[in-house]
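Worksheet for the structure shown next.
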Amino acid sequence: MAKVLDELYYTEDHEWLRVDGNVGFVGITDFAQGHLGDIAYIELPDAGSRFAAGEVFGVVESIKTASDLLMPVSGTVAEKNDSAEQSPEKVNADAYDSWLIKIELEDMGELDKLLRADAYTELTKE
Amino acid sequence: MAKHYDKLIFEISSDGKEGYLLPDTGVEGDFSKDAIPEELARADEPVLPRVSEPEAVRHFTRLSQENYGVDGGFYPLGSCTMKYNPKINEDAAAMEAFCGLHPCQPESDAQGVLRLMYELGEMLSEITGMAQFSLQPAAGAHGELSGLMIFKAWHEKNGQADRKRIIVPDSSHGTNPASAAEAGFEIVQIKSAADGTVDIDALAAALDDKTAGLMLTNPNTLGLFETRIGEIADMVHSAGGLLYYDGANMNAIMGYARPGDMGFDVVHVNTHKTFSTPHGGGGPGAGPIGVSAALAPYLPGPVVARSGDFYTLEAAGENSIGKVRSFYGSIGVLVRAWCYIKTMGGDGLKSASETAVLNANYLKELLKGKYKLPYDVVCKHEFVLDGLAEAQGGVRTLDVAKRLIDLGYHPPTIYFPLIVENAIMIEPTETESLETLDSFAEAMLRVADEAVSCPDILLEAPTTALVRRIDELKAAKEPVLVWQG
Amino acid sequence: MSVYIPITPSDRAGMLERIGVQSEAVLFEDIPEKIRLKEGLDLGKPMSEHELMKELGALAAKNAPASCRPCFLGAGAYDRLIPSVIRHMTSRSEFYTAYTPYQPEISQGTLQAIFEFQTMIASLTGMDVANASMYDGASACAEAVIMAARQTRRGRVLVSETLHPDTRRVIDTYARFNSIEPVSVPAKQGVTDMEALSSLVGDDVCGVVVQSPNFFGLIEDAAAAADITHGKGALYIAYTSDALSLAVLKSPGASGADIAVGEGQSFGIPMCYGGPWLGFMAVKAPLMRKLPGRIVGQSVDMDGKRSFVLTLQAREQHIRREKATSNICSNQGLNALSATIYLSLLGADGLKEAAKRSMDGARYLKAQLEAAGFKALYSGPFFDEFAFALPGDTARAEAALQAAGYVGGLALDGLLPAADAAGDGLGAMLVCVTEKRTREELDGFVSALRAAY
């Protein structure tokens, strides 16, 4: 059973978002890392790039599969997590401890469109 | 079996050795001294070995011994049609009269090869039921790309430039959506129906005035014939779209059905699958495309034409998509395909398909039970199992494949098509004898038993190959793509 | 019955029984009656190999291959020496009857050979990494343009007028369907006009494609062109049509190329009327994961033994489908093996010597032609091809050379930059001298030509 944390927001594409004021941290869920298997490569955008909600901001690759990273909400990248990029196994070890990008949120209203823990648990149940 | 050979060519190099003697040209004097200004000249020496001829021969011979080919044993790689590569075809392609031709020689110097190309186009038309062929594309995926460019050019010409969507089933080859994307289309993927064929309702829902066309393999990647193909073709055509036939599975139906008669507008064939040209460890192949009469003006040029007994290369007209490669095609490969069709004749090709289908159905019967068979119906040239019916210790499809290596076989295609989770895709082709089919089935059943009784054998496999399982994660995480010295 | 099909009639009966059907026909009953073929394919009777070779021999007799006569044609296909070892090694069926190496444990031969190929190509081009090969030079170049457009998210590509016309046509085709606009950079004195390039490069340009030695045989100032290109954040795509030139010319990498693509036919692959040849592609490290096609990487097996495996596959069509870096699946594996063997046999010294002999011969021919009154079209540094003017129409030269037993150069009618066209009734010819040509042949060529006018 994949881990789901109560305090986070989730997308249907298996990204999580932790919100702290107007700053957000984005990562992939435990369910996603489990499905990918051993992650071989993560490509993240440089600070300053702006993405709308739902836009592709990066990619996660394992040996046999690859998955685009989609922006949960609109925002500008403030920082990327170099350590996750360099050591992708950290995401496999604890997907919620290894955020991928830190963003500045533009519209707090967009949070309403994201899933909360119970809905996300339901989504990944089978 | 040979011992694993662990030397790169660079590691057997030593100064003072050479492997090829250049002849004397008789041109005396150092004409090229200072011919290239220093700032344009190469300063460093490239990383190349210095080896004598026998050392080079031994090196590559030993490398060859680390390989498994069709000539060495059964190669039931689904979707790849690993049939026998006739030896006479190799002799034919090696003839200086063909491989010594320069592509810019005048047509009068190339009447033999031009006639061969013309005839091959005609023969492929007969086999597929298409009006005209272009031999240019270098491989199946290249044929797909060229065919989809034709789709787009056709729609644009008809004032339908907004037809930007290509529909592909979720069971399709990865090249289908990739080729469509490279031809500038958006991709709409439709789910297969429960029986593994095209879901007619899903197709109907996906068709609209933005549809450029549908790409299909028939029989599909599950080895199942799309029996409603007539209806599908009508639906796509009445929606204003075109039909693309991925010829990867053509080996199932030669002499029994033709894509042209099914309503397809563009077809590619893989000569390196259906027409026995070797795969060469990844190529070169050839992917000729055939089109309906209406689409002929869109083919890439030049096209071989005939006037009386003289053959010419006709430049493409204004509607052509243009060139997709340099010159005219993979001629050396096309010579082999021509030879194959000639040596098989119409009846031989039909017998090849008939036997390929018979062999697949026979193996399917022998293997079902101990392996899950998700679609238990008559198959065409290949069938897909959904992994082991029973296994211990976390054994999965990958382990079955690796264990088959120990038992002397090339494993089937695994984990494709994507819609069958633990897919084992088996395509025996017409090349195999009954003895081989029986022994392979015996090996597969033995592996299934081992998966329950001693799973470690599978998890550890292969142990008899020259190398054991390779750390693919390491290769992808810390890429070493060139020799580090 | 075919000698390629081992199943006997009695085998068939037993197999059908096991399947539980009456006849093979039942296995095809799922094909709707309406589309089931009623008549046999009209392809004639099966031929024995003896009959086949007779018929093929008749066709072969109608070909007059350039490789058997003194050939002065170049222009993208090169009549070079091919060591016999290559055919012997590539004829080993362990190599040629294998598929793409999906199962690395039983494909180390193919994998290691490709790894050696990647190493040689990366080094020759001066780049960091190379892939396992592309269909041919022209399509590799078109793929490079698409890569540049995706990488920079820009929609125009500048293409030098001195690029091989076939390569230009293939770029045009790929560009049209990928919403990329190709723009020509004019030539001056037979080479890319750097001033024109400077004025054309803008913020909307994804890449600049320059061939060196170019279509007219001249060596381009690639470093200067790359500098101009990088000034606007575009990628420099270096195209090599005659790979032997890499032995003596400053490498694309050293000249600042971001992507090096080209045709490897010169490395031991027969001209074969235009294919199958050997496209190659190499890039600097930042573009590694944007490469199309197969790539082999080094790793270790469970016992820690060095071994090789297809890697970075998440870029490819079988995993990423429509989001793949390219649709390419098959490549030119066996021809990459040919090139690897060729480069192993010649080595750095042999390669350089072959290049030098070609250059010596070309310069000798140029001098003899000039002494005979023919004028070279351009004066810039060249490799082993050059263009010269004819005092009359090209057809006359071609006929005279053909009659004397030579395969003449390429008629440049309609292929020269507008500024250099010779004028009415006057032709020009592009000739190539490889290491195969002897002094006697070069002298004979000049005599035959002189006699024509």
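Protein chains in written order, with the numbering used here: chain L, 1 to 126; chain F, 127 to 611; chain A, 612 to 1064.
Beta carbons: idealized from backbone N, C-alpha and C, even for Gly.
| Query | Result |
| --- | --- |
| Contacts around residue 776 of chain A, its chain only, beta-carbon distance under 8 Å, and the 5 residues preceding and following it disregarded | 826, 1026 |
| Residue 436 of chain F classed as buried or exposed, judged by whether at least 16 other C-beta atoms fall within 10 angstroms | exposed |
| Nearest-angstrom Cα separation, counted from residue 175 of chain F out to residue 137 of chain F | 8 Å |
| Contact residues within the stretch 199-215 of chain F, judged by C-beta distance below 7 Å to chain L | none |
| At least three beta-carbon pairs within less than 8 Å, the stretch 106-126 of chain L to the stretch 958-978 of chain A | no |
| Within-8 Å CB hit, residue 63 of chain L to chain A | yes |
| Residue range of the beta strand (DSSP E) that includes residue 550 of chain F | 549-552 |
| Beta-carbon proximity list for residue 235 of chain F, same chain, < 8 Å, skipping 5 on both sides | 227 |
| Beta-carbon proximity check, residue 518 of chain F vs residue 573 of chain F, cutoff 8 Å | no |
| Nearest-angstrom beta carbon gap, residue 471 of chain F and residue 942 of chain A [assumed within contact, 8 Å] | Wrong, their Cβ atoms sit about 32 Å apart, outside the cutoff. |
| Candidates A/1013, A/1024, A/720, A/989: closest to residue 1004 of chain A by CA position | A/1024 |
| CB contact below 8 Å: residue 598 of chain F versus chain L | yes |
| Closest Cα partner of residue 96 of chain L within the set L/28, L/41, L/50, L/87 | L/28 |
| Among L/8, L/13, L/62, L/3, nearest to residue 69 of chain L - alpha-carbon criterion | L/13 |
| One or two residues paired with residue 871 of chain A in a DSSP bridge | A/849, A/893 |
| Distance between beta carbons of residue 766 of chain A and residue 790 of chain A, contact taken as under 8 Å | 6 Å |
| Chain F contact for residue 825 of chain A (CB, 8 Å cutoff) | no |
| Beta-carbon neighbours of residue 830 of chain A, restricted to chain L and to distances below 7 Å | Residues of chain L passing the Cβ test: none, with the nearest at roughly 38 Å. |
| CA-to-CA distance, residue 709 of chain A to residue 813 of chain A, given in whole angstroms | 47 Å |
| Rounded separation between residue 301 of chain F and residue 933 of chain A - CA only | 8 Å |
| Interface flag, residue 32 of chain L vs chain F, CB-CB below 8 Å | no |
| Proximity of residue 515 of chain F and residue 698 of chain A at Cβ, strictly below 8 Å | no |
| Host alpha helix (DSSP H) of residue 971 of chain A (start-end) | 944-982 |
| Reference residue 146 of chain F, options A/953, A/1058, A/1022, A/1032, closest by Cα | A/953 |
| Buried or exposed (CB count within 10 angstroms, at least 16 for buried), residue 201 of chain F | buried |
| Endpoints, beta strand (DSSP E) assigned at residue 985 of chain A | Premise fails: residue 985 of chain A is in no beta strand (DSSP E) and is neither H nor E. |
| Assigned exposure category for residue 712 of chain A - 16 Cβ within 10 Å defines buried | buried |
| Residue-chain proximity (residue 447 of chain F, chain A), Cβ-Cβ < 8 Å | yes |
| Environment of residue 661 of chain A [buried if 16+ CB atoms lie within 10 Å] | exposed |
| Of the residues L/18, L/51, L/64, the one placed nearest residue 558 of chain A, counting alpha carbons only | No answer is possible for residue 558 of chain A: the residues shown for chain A start at 612 and end at 1064. |
| Residue ranges of each alpha helix (DSSP H) within the stretch 27-115 of chain L, 4 or longer | 30-36, 82-86, 89-93 |
| For residue 727 of chain A and residue 134 of chain F, believed in contact at Cβ under 8 Å, the rounded distance | 6 Å |
| Near-chain L residues of the stretch 519-537 of chain F - C-beta to any C-beta below 7 Å | none |
| Within chain F, the residues that residue 897 of chain A reaches when beta carbons sit closer than 9 Å | Those do not exist, as residue 897 of chain A stays about 13 Å from chain F at its closest Cβ, beyond 9 Å. |
| Inter-residue spacing [alpha-carbon to alpha-carbon] between residue 843 of chain A and residue 816 of chain A | 8 Å |
| Cutoff 8 Å: residue 66 of chain L Cβ touching any chain A Cβ | yes |
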